[in-house]
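Everything on this sheet refers to the single structure shown next.
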Amino acid sequence: MTTTDVKGSENAGDPAANEAVGHAAGAAPVAAQTALDDVETTAAPELEEENLTLPGQEVSAAHAASNRGARKRSFEVSDHEVPKSDVEEWRFTPLRRFAPLFQDVATDDREGDAAVDYQVTVPEGAPEISTLAPGEAPRGTVLVPEDLAAAVASARTAQALHLVAAKNVAYDEPFRVDVTGRGAERRANAHIVLEAKESSSATFVLNHAGSAQYAQNVEIIVGDNAQMTVITLHDWDDDAVHIATHHARVGRDATLKHVAVTLGGSAVRLNSIGEYAATGGEIEKLGLYFSDENQFFENRLFIDHSAPRCTSNVAYKGALQGKNARSVWVGDVLIRKEAEGTNTYELNRNLLLTEGARADSVPNLEIETGEIEGAGHAAATGRFDDEQLFYLRARGIDEIEARRLVVRGFFAEIIQQIDVPEIRERLSASIEGELARSMS
Amino acid sequence: MSILEIKNLHASVETPEGTKAILKGVDLTIKAGETHAIMGPNGSGKSTLAYAVAGHPKYQITEGEVLLDGEDVLAMSVDERARAGLFLAMQYPVEVPGVTVSNFLRTAKTAIDGEAPALRTWVKDMKGAMADLKMDPVFAERNVNEGFSGGEKKRHEILQMQLLKPSIAILDETDSGLDVDALRVVSEGVNRVKENSEVGIMLITHYTRILQYVKPDFVHVFVNGRIAEQGGPELAERLEAEGYDRFLVGA
Chain A
75 MTTTDVKGSE
85 NAGDPAANEA
95 VGHAAGAAPV
105 AAQTALDDVE
115 TTAAPELEEE
125 NLTLPGQEVS
135 AAHAASNRGA
145 RKRSFEVSDH
155 EVPKSDVEEW
165 RFTPLRRFAP
175 LFQDVATDDR
185 EGDAAVDYQV
195 TVPEGAPEIS
205 TLAPGEAPRG
215 TVLVPEDLAA
225 AVASARTAQA
235 LHLVAAKNVA
245 YDEPFRVDVT
255 GRGAERRANA
265 HIVLEAKESS
275 SATFVLNHAG
285 SAQYAQNVEI
295 IVGDNAQMTV
305 ITLHDWDDDA
315 VHIATHHARV
325 GRDATLKHVA
335 VTLGGSAVRL
345 NSIGEYAATG
355 GEIEKLGLYF
365 SDENQFFENR
375 LFIDHSAPRC
385 TSNVAYKGAL
395 QGKNARSVWV
405 GDVLIRKEAE
415 GTNTYELNRN
425 LLLTEGARAD
435 SVPNLEIETG
445 EIEGAGHAAA
455 TGRFDDEQLF
465 YLRARGIDEI
475 EARRLVVRGF
485 FAEIIQQIDV
495 PEIRERLSAS
505 IEGELARSMS
Chain B
329 MSILEIKNLH
339 ASVETPEGTK
349 AILKGVDLTI
359 KAGETHAIMG
369 PNGSGKSTLA
379 YAVAGHPKYQ
389 ITEGEVLLDG
399 EDVLAMSVDE
409 RARAGLFLAM
419 QYPVEVPGVT
429 VSNFLRTAKT
439 AIDGEAPALR
449 TWVKDMKGAM
459 ADLKMDPVFA
469 ERNVNEGFSG
479 GEKKRHEILQ
489 MQLLKPSIAI
499 LDETDSGLDV
509 DALRVVSEGV
519 NRVKENSEVG
529 IMLITHYTRI
539 LQYVKPDFVH
549 VFVNGRIAEQ
559 GGPELAERLE
569 AEGYDRFLVG
579 A
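Those sequence lines, one after another, are chains A and B.
When the first sequence is numbered by the working numbering, its final residue is 514 and no position is left out of the sequence of numbers.
When the second sequence is numbered by the working numbering, its final residue is 579 and no position is left out of the sequence of numbers.
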């Protein structure tokens with residue numbers, strides 16, 4: 075049985091705020107699909123507009139090449155072009171702000187003064203921290219760079235940090251990597267490999283603070299029957315820029331819960347990819363972001379259903395406040411021909427708390443087989459609701475408390491699913507802090 | 329003993345066609361323990377009166393005053409009015425995703441009373457009030473008004489009135505769209521609050537049906553932004569027989 079629930083793409087907010095994007099400014103989400111226009115759009119205009127393709131349609135060569143899974147991957151830096159905003163992948167991104175990360179330069183480590191400091195803690199009894207050289211498996215078996223920043227990060231990292239949860243072991247405490255940038259003008263590259271061996275159960279937390287120009291790859295290997303949680307927190311100072319690629323492969327009957335939280339930084343872009351090595355895998359990708367004045371946060375997701383009977387569930391929620399606060403969410407799901415019995419759903423919701431903020435939200439669903447259980451997506455961007463505020467205030471609740479209730483309520487669905495109490499509390503506190511700033 | 333005095337109240341709203349006057353000199357006094365039915369045809373401004381007194385930002389007060397126990401209500405913010413003892417049961421209660429009914433009620437109760445309610449008695453009060461209104465206990469864990477039926481939303485409004493114990497309550501078309509069973513439950517809820525407190529009630533309605541359950545002490549006919557006629561319960565019976573036509577001719 076096939077069900078599709080398509081609500082299409084949305085964007086909302088101040089169109090002028092989009093000027094930072096260069097000539098992609100003001101482009102409707104559908105415009106990015108112009109590369110696909112060789113397809114007979116008159117035949118299925120609605121599907122085109124809603125970024126949905128179904129099997130049985132005429133597919134031109136141009137269209138086939140645009141399949142999200144067909145994007146070129148290579149370790150060679152020279153194989154990747156400097157991003158331009160007329161490419162779908164970069165059309166929302168303020169390229170000038172990210173420019174330092176497109177330069178093929180080494181990490182700016184100085185004598186006794188690393189550009190980025192790493193504090194690593196592993197649970198008691200876990201295998202010792204080790205490193206992997208380029209080409210040393212499992213490094214490079216899952217993550218092959220899709221873009222220039224990722225290729226540079228890979229090529230410029232001589233020894234990748236490698237953290238392992240051992241076979242059949244369940245860890246109560248998380249593995250933690252605290253990444254602290256030592257200066258907004260300092261460039262750093264990183265490649266990190268997180269591995270959960272067969273039937274293990276473990277949580278990995280990456281926490282980013284301070285400031286840097288940071289190009290980072292995170293390679294995630296979920297062994298058969300393992301249960302792995304990866305939480306990445308981007309809590310940078312206001313002048314940090316960060317491009318990250320997370321690429322996960324999930325083994326047979328294994329589960330990955332991936333949580334991406336972005337609260338701080340000048341510009342943060344995450345390309346988060348999940349794929350399946352075998353049947354029975356589950357991927358859950360949760361995200362939360364809170365973009366303030368002049369902050370740009372982009373989340374690009376790709377779930378590659380390449381094996382039968384796997385499930386994926388994506389839920390990202392963002393709040394924006396202040397002039398030129400921006401967010402971009404693009405959720406690509408590809409259900410390949412062989413991925414029969416797939417069940418997938420993706421959701422993105424944005425809450426604009428003030429004028430002058432802008433959120434773009436584009437779900438894309440490509441389905442190459444009719445034999446799926448379910449596939450759906452929803453995206454919506456709304457303004458802070460004055461009627462909600464009036465209702466709460468008419469019950470005696472003052473404006474600040476009322477706004478808090480609404481925003482807390484908005485994020486509750488995501489925060490409740492984060493299994494590390496300390497992070498849940500910290501997030502709640504951070505959100506309170508963000509709100510206090512806007513209402514002072 | 330509370331008293332709400334509305335004197336010569338004028339209010340307008342901004343529309344694309346310009347400023348539109350809706351309330352054109354309303355005079356109404358509601359004392360503790362009294363129930364005043366405000367009846368009138370659609371578009372007469374009944375709901376505007378409710379929202380203007382509660383402080384909805386959409387309406388500008390252009391003239392007149394509203395006093396609660398002598399205090400200037402119009403100078404207060406929306407939440408200050410509620411804390412001063414005013415309550416508005418809304419015709420279209422708003423959804424608040426992610427905020428549970430129990431959290432919402434406790435937050436509101438804390439705001440109104442100026443201190444958090446004692447946990448044990450509060451939970452008991454809440455459960456008791458929900459049982460009175462024939463609300464399933466699981467309601468407390470649902471998000472405010474999210475996925476509620478029309479009847480559930482109205483019961484939830486009356487639940488709030490019962491728990492927040494206002495001195496003056498304005499019920500804006502609480503009876504509209506309810507079936508007989510739901511109307512009975514909601515009306516019993518209102519009567520319970522009347523019995524157990526000195527609440528003064530402004531009962532805004534389009535239909536006479538609710539007046540079979542909630543007995544008004546005074547009936548006011550509201551036409552074209554002001555009160556056109558007032559009397560006792562017998563006026564409602566006359567409206568039932570004659571309709572509003574008599575008032576609309578001159579309007």
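Backbone N, C-alpha and C fix where the C-beta goes; we use that ideal spot for every residue, glycine too.
A quick note: this is a predicted structure, and the numbers were derived from the prediction, not measured.
Quick one: what's got a C-beta closer than 6 Å to residue i's C-beta in the same chain, skipping five residues either side?
i, result
"A:Arg230", "Ala180 and Asn263"
"A:Arg511", "none"
"B:Ala564", "Thr536, Leu539 and Val547"
"A:Leu337", "Asp309, Phe364 and Ser504"
"A:Tyr288", "Ala262 and His316"
"A:Val335", "Leu307 and Leu362"
"A:Asn281", "Asp252 and Leu307"
"A:Asn242", "Ser273"
"A:Gly348", "Ala322, Ile357 and Ile377"
"A:Arg250", "Thr195 and Val279"
"A:Asp313", "Ala258, Ser285 and Ser340"
Ignore the nearest five residues each way along the sequence and tell me which others in residue i's own chain have a CB closer than 8 Å to its CB.
i, result
"B:Thr438", "Ala444 and Pro445"
"B:Thr428", "Ala468, Glu469, Arg470, Asn471 and Val472"
"A:Arg410", "Gly143, Asp378, His379, Ser380, Glu442 and Thr443"
"B:Phe415", "Gln488, Met489, Leu492, Pro494, Ile496, Ala497 and Ile498"
Report all residues from its chain with a CB closer than 7 Å to the CB of residue i; omit the five preceding and five following residues, and keep chain order.
i, result
"A:Gln462", "Val480"
"B:Leu461", "Arg483, Ile486, Leu487, Val513 and Gly517"
"B:Met425", "In the sequence as presented, Met is not what sits at residue 425 of chain B; that position holds Pro. Excluding sequence neighbours, B:Pro425 sits near Asn471 and Glu474."
"B:Gly559", "Val547"
"A:Leu427", "Ala393, Leu394, Gln395, Phe458 and Ser512"
"A:Ala139", "Because the pLDDT at A:Ala139 is just 44, under 50, the model does not fix this residue reliably, and the point stays unresolved."
Buried or exposed: which applies to residue i, given that a residue is buried once 16 or more other Cβ atoms fall within 10 Å of its Cβ?
i, result
"B:Leu447", "exposed"
"A:Pro219", "buried"
"A:Arg467", "buried"
"B:Asn336", "exposed"
"A:Ser386", "buried"
"B:Glu501", "buried"
"A:Tyr465", "buried"
"A:Ala135", "Note on A:Ala135: pLDDT 39, under 50, position unreliable in the model; the coordinate value appears next. Under this definition A:Ala135 is an exposed residue."
"B:Pro544", "buried"
"A:Gln290", "buried"
"B:Met454", "buried"
"B:Ala339", "buried"
"A:Glu155", "exposed"
"B:Ile366", "buried"
"A:Gln490", "exposed"
Who pairs with residue i in a beta bridge, going by DSSP?
i, result
"B:Lys543", "DSSP lists no partner for B:Lys543."
"B:Ile498", "B:Leu416 and B:Met530"
"A:Asn291", "A:His265 and A:Thr319"
"B:Lys335", "B:Glu393"
"B:Met367", "B:Thr533 and B:Val549"
"A:Val404", "A:Arg374 and A:Val436"
"A:Gln193", "A:Asp252"
"A:Ala454", "A:Arg423"
"A:Gly338", "A:Asp309"
"A:Ile492", "BP columns for A:Ile492 are empty, so no partner."
"A:Asn281", "A:Asp252 and A:Leu307"
Please check the pair residue i and residue j, which I expect to be a contact at CB under 8 Å, by giving their CB distance rounded to whole angstroms.
i, j, result
"A:Ala234", "A:Ile266", "6 Å"
"A:Ser435", "A:Asn424", "6 Å"
"B:Tyr572", "B:Gly373", "Going by Cβ atoms, the distance from B:Tyr572 to B:Gly373 rounds to 13 Å, so no, they are not a contact pair."
"B:Val394", "B:Ile334", "5 Å"
"A:Lys397", "A:Gly355", "So it is not a contact: roughly 43 Å between Cβ atoms."
"A:Phe149", "A:Ala225", "7 Å"
"A:Leu247", "A:Pro197", "Correcting the residue identity first, residue 247 of chain A is Glu in this sequence and not Leu. Between A:Pro197 and A:Glu247 the Cβ distance is about 4 Å, and since that is below 8 Å, they are a contact."
Residue i versus chain C: which residues are under 7 Å apart at the beta carbon?
i, result
"B:His384", "Among the protein chains in the structure shown, which are A and B, there is no chain C."
Cβ of residue i versus every heavy atom of the ligand PLP: is any distance shorter than 7 Å?
i, result
"A:Leu268", "Of ligands this structure carries none, so the ligand PLP is not represented either."
The stretch 395-408 of chain A in contact with the stretch 201-208 of chain A per 3-pair CB rule at 8 Å: no
Sufficient close CB pairs (3 or more, under 8 Å) joining the stretch 320-333 of chain A to the stretch 294-302 of chain A: yes
The stretch 305-323 of chain A in contact with the stretch 335-350 of chain A per 3-pair CB rule at 8 Å: yes
Contact between the stretch 518-525 of chain B and the stretch 402-415 of chain B (3+ Cβ pairs under 8 Å): no
Touch test, the stretch 189-198 of chain A against the stretch 354-364 of chain A, Cβ-Cβ under 8 Å, three pairs minimum: no
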